[in-house]
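Engineer:
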Amino acid sequence: MPRHTLLFLFALVASAAQRGAVDALIVDGLQVGFYSQTCPEAEGAIRNIVNNEIGMDRSIAPGLIRLFFHDCFITGCDASILLDESPVGDVPEKESSANGFTLVGLSTIDTVKSALEAMCPHTVSCADILAFAARDAAVAAGLPSYDVVAGRRDGVRSNMDDLPGNFPVPGHHVPRLTKLFGQRGLSQEDLVLLSGAHSIGGAHCFMFSNRIYGFSEDAEVDPSLDPEYAASLRQVCPPRNPNDDPQLAAKVKFDAQTGEKLDNAYYSELLARRGLLTSDNALIEDPQTRAMVEAFAGDDAMWQQKFAGAMQKVGMLDVLIGEGKGQVRQQCRLVNGQEQQQRPPFPRSRQRRPRWSFPRHHPVADLINGFFRGFH
Ligand code: HEM
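Going left to right, the sequence shown walks through residues -24 to -1, 1 to 352 as mature numbering (1 follows the signal peptide of the UniProt record, and there is no 0) numbers them.
1. Report yes if the C-beta distance between C308 and C102 is below 8 Å; otherwise report no.
2. Considering only their Cβ atoms, is the gap separating Q306 from E93 smaller than 8 Å?
3. In angstroms with no decimal places, state the Cα-to-Cα distance between F162 and L170.
4. What residue does the alpha helix (DSSP H) around A94 start on, and which one ends it?
5. Which residue's Cα is closest to the Cα of E165: R128, A110 and A286?
6. Please classify K289 as buried or exposed, where buried requires at least 16 other C-beta atoms within 10 Å of its C-beta.
7. At what residue ranges does the stretch 206 to 291 contain a whole run of the alpha helix (DSSP H), taking only runs of 4 or more?
8. Should H148 be counted as a contact of the ligand HEM given a C-beta to heavy atom distance under 7 Å?
9. Taking the alpha carbon of D86 as the point to measure from, which residue in V100, A74 and E204 has its own alpha carbon closest?
10. Relative to the ligand HEM, is the shortest distance from any of its heavy atoms to the C-beta of L170 smaller than 7 Å?
11. My output table needs one value for Q159: the three-state DSSP class, helix, strand or coil.
12. In this structure, how does DSSP classify D294 when only helix, strand and coil are distinguished?
13. Using three-state DSSP, classify R111 as helix, strand or coil.
14. If F182 and L167 are in contact, beta carbons under 8 Å, what's the gap, nearest whole angstrom?
15. Over the uninterrupted alpha helix (DSSP H) stretch that includes G31, give me the two end residues.
16. For A(-4), does the three-state DSSP call read helix, strand or coil?
17. Given a cut-off of 8 Å, decide if L252 and V228 are closer than it, judged by their beta-carbon atoms.
18. List, from N- to C-terminal side, the beta strand (DSSP E) runs of 3 residues or more that fit wholly inside the stretch 133 to 196.
19. Once DSSP output is grouped into helix, strand and coil, what is the label at I2?
20. State the Cα-Cα distance for the pair L119 and A173, rounded to the nearest angstrom.
21. Considering only the beta carbon of each residue, do A226 and V212 sit closer than 8 Å?
22. Taking H180 as the reference, give the member of K301, D198 and F77 with the closest Cα.
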């Protein structure tokens, strides 16, 4: 076992000893090479498929990293983000406004799962696939490889109501972000490290249009934005019209310089007042997080190594371990035994419109509008 994996597990054991026996089980249950006996080709197959898909479409790399984070942050790494239906009838996490049509990479996970079911039926969980795929996506985007422990089992429920109040949104500032991350056992440093994932991928205009149009009574544009950058954003993103279809909104890269490379350029962009979301820019406004931003901006190798460690930590959040917990889903979109409903698989919007047409006083529209008002 590589030395840094041993150190990582040692740190987990130490923290488990501090926090109680439940965490110790986590250390016992999850391991590097979990499938070495039951499906030895699994990790390689996942890597090949992910690389192949990213080779065809670069946007899949950020999508997979985001899927993993969104899964683990809410109810732990249980692949609940992938469920199209919840057996008890809840509207699944996938349909929350923080997810919805902005999720990218779902079909890659389906492709991986089909391949693994053909190779080793009922063996590799969707939660583990997400963790491996996120790592492989990060590596494809330039991060040095890191070990991923496995043995997570898949959950059997998913409810979009678990997000409001528990999930970060673009309008949040550091105190709120720190609190939300803290509730999940993640430190303020983890917040700053992991936000560096915004070194790749991008955001739809409606996620930040409050910063470039009608920002406040005194300022049309958020004064914390570099004016040239704000002007370039206004060129790509027209003023919001409540009747606009959010799905047709343009998407802007977080990092205009090296937007396909997972590197520390994100932090230099922040310091140059070119952070796209309020929550990105917030990291330079708080003195504590600003010091971290400055340190990460100055040392790519250090940031990459610590980012990998933070991703490993995310992958340990509230995992289901052992035969008695959860299940290994046969399809990532459905709990085992659950009939595929008559509805087409998510995202449904491409086949038939609807949930995402956002009538003006629809609760989902209100939630999205909450982003613009910068609270929630
Ligand atoms: C700190 C609080 C965070 C907030 C408020 C936030 C919010 C957002 C938003 C609004 C988008 C744009 C989605 C879209 O318009 O399609 C986005 C994209 C993204 N986020 Fe975050 N995020 C946060 C933290 C994270 C973390 C911790 C990770 C991963 C470790 C992450 C990974 C990503 C990636 C890779 C994208 C680009 C996705 C794509 O282009 O498809 N984010 N985030």
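Don't be surprised by glycine CBs; every beta carbon is placed ideally from N, CA and C.
Structural biologist: On the basis of the coordinates in this document:
1. Translated into the one-based positions of the sequence shown, residue 308 becomes position 332. Translated into the one-based positions of the sequence shown, residue 102 becomes position 126. Result yes, Cβ atoms of C308 and C102 sit closer than 8 Å.
2. By one-based count along the sequence shown, residue 93 stands at place 117. By one-based count along the sequence shown, residue 306 stands at place 330. Yes. Within cutoff.
3. Start at 1 with the first residue of the sequence shown, and residue 162 comes out as number 186. Start at 1 with the first residue of the sequence shown, and residue 170 comes out as number 194. What sits at residue 162 in the sequence shown is Leu, not Phe. Cα to Cα, L162 sits roughly 10 Å from L170.
4. Position 118 of the sequence shown holds residue 94. A94 -> alpha helix (DSSP H) spans L82 to M95.
5. Along the sequence shown, one-based indexing puts residue 165 at 189. Comparing Cα-Cα distances from E165 to each of R128, A110 and A286, the minimum goes to A286.
6. Here residue 289 corresponds to residue number 313 of the sequence shown, with the count starting at 1. Burial call: buried.
7. Runs found: 241 to 247, 254 to 261, 263 to 273 and 276 to 290.
8. For this step, residue 148 is matched to residue 172 along the sequence shown. True, at least one ligand heavy atom lies under 7 Å from that Cβ.
9. For the purposes of this step, residue 86 is taken as the residue at position 110 of the sequence shown. That would be V100, whose Cα lies nearest to the Cα of D86.
10. Counting from one through the sequence shown, the residue named residue 170 turns up at place 194. The answer is yes for L170.
11. Locating residue 159 in the sequence shown gives position 183, counting from the first residue. Residue state, collapsed to three classes: helix.
12. Position 318 of the sequence shown holds residue 294. The answer is coil: DSSP assigns D294 none of H, G, I, E or B.
13. Walking along the sequence shown from the start, residue 111 turns up at place 135. R111 falls in the helix class under three-state DSSP.
14. If you number the sequence shown from 1, residue 182 lands on position 206. If you number the sequence shown from 1, residue 167 lands on position 191. With a Cβ gap of about 24 Å, F182 and L167 do not count as contacting.
15. In the sequence shown, residue 31 corresponds to position 55, counting from 1. Per DSSP, G31 belongs to the alpha helix (DSSP H) from A18 to M32.
16. For the purposes of this step, residue -4 is identified with residue 21 of the sequence shown, where counting begins at 1. Legend: pLDDT at A(-4) = 34, less than 50; position of this residue unreliable, no value from coordinates given.
17. Numbered from its first residue, the sequence shown carries residue 228 at position 252. Numbered from its first residue, the sequence shown carries residue 252 at position 276. Contact: yes.
18. 178 to 180
19. As a working note, residue 2 is residue 26 in the sequence shown. For I2, the predicted structure reports a pLDDT of 44, less than 50, and the residue's modelled location is therefore unreliable. A value from the coordinates is still provided. Correct three-state label for I2: helix.
20. The residue given as residue 119 occupies position 143 in the sequence shown. The residue given as residue 173 occupies position 197 in the sequence shown. Cα to Cα, L119 sits roughly 11 Å from A173.
21. For the purposes of this step, residue 226 is identified with residue 250 of the sequence shown, where counting begins at 1. For the purposes of this step, residue 212 is identified with residue 236 of the sequence shown, where counting begins at 1. Yes, the Cβ-Cβ distance between A226 and V212 is below 8 Å.
22. For the purposes of this step, residue 180 is identified with residue 204 of the sequence shown, where counting begins at 1. Of the listed residues, the one whose Cα sits closest to H180 is F77.
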